[in-house]
Every structure is written in C-alpha cells, then in structure tokens.
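In what follows, a structure is listed as structure tokens, so that the remarks can point back to it.
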Amino acid sequence: KTKRLKEAKEEAQAEIEIFRKEQEKEFQDYQKDHMGSKDDFVLQDEQDTKEKLGEIEKSVEDNKDEVIQRILSLVYEIKPELHQNVRL
97 KTKRLKEAKE EAQAEIEIFR KEQEKEFQDY QKDHMGSKDD FVLQDEQDTK EKLGEIEKSV
157 EDNKDEVIQR ILSLVYEIKP ELHQNVRL
C-alpha cells in the first residue's frame, strides 16, 4: 500500500511539472504576442536614450559659449560691498 501511494505521488508530481511547463510556455507565447518581447522594449529605450543624449549635446554646444561668458563676467566683475550685518 505504501509503495502504491509513493508511486501515485511521484506520478502526480510528474504530471504537475508537465502541466506547469505547458502553462509557462503558453504564458510566454501570450506575452510575446500581446506585449512584444523584452528586446523590443530594450531597443526602443536605447533609441530614446540616444535621441535625448543627442538633444542634450546639441543644447550644450549651442549654449556653451554663453555660459562660459556669463561665468567669466561674474568672476571678473566684482562689486565690493560691505555685508549687510557689518556695523560701522
């Protein structure tokens, strides 16, 4: 009797494993059909990132001289003033 129960348990485990694999495969097929693959998302993200980096680099090139001039003017054009808390 114990031997038959053990065999039945092993058969049930094997059937469960087969069923689980089938369900997993069906889910992955469904996911590919309805949501696209992960590679599609990765490629789209990489393309978006490249576009945004290109925009940032263009913005840097367009504004670099203005920013440098602004920083230099702030450094060179010092207006000496007493601090507001200084009492004479």
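Using the working numbering, the first residue of the sequence shown is number 97, and each one after it goes up by one. Each residue gets a CB set at the ideal place from its N, CA and C atoms; glycine is no exception.
- LYS99 sits in a helix when the DSSP states are folded into three classes.
- Residue state for LEU178 is assigned as coil, using DSSP reduced to three classes.
- One Cα belongs to ILE112, the other to GLN124, and the distance between them is close to 18 Å.
- Under the three-state reduction of DSSP output, LEU149 falls in the helix class.
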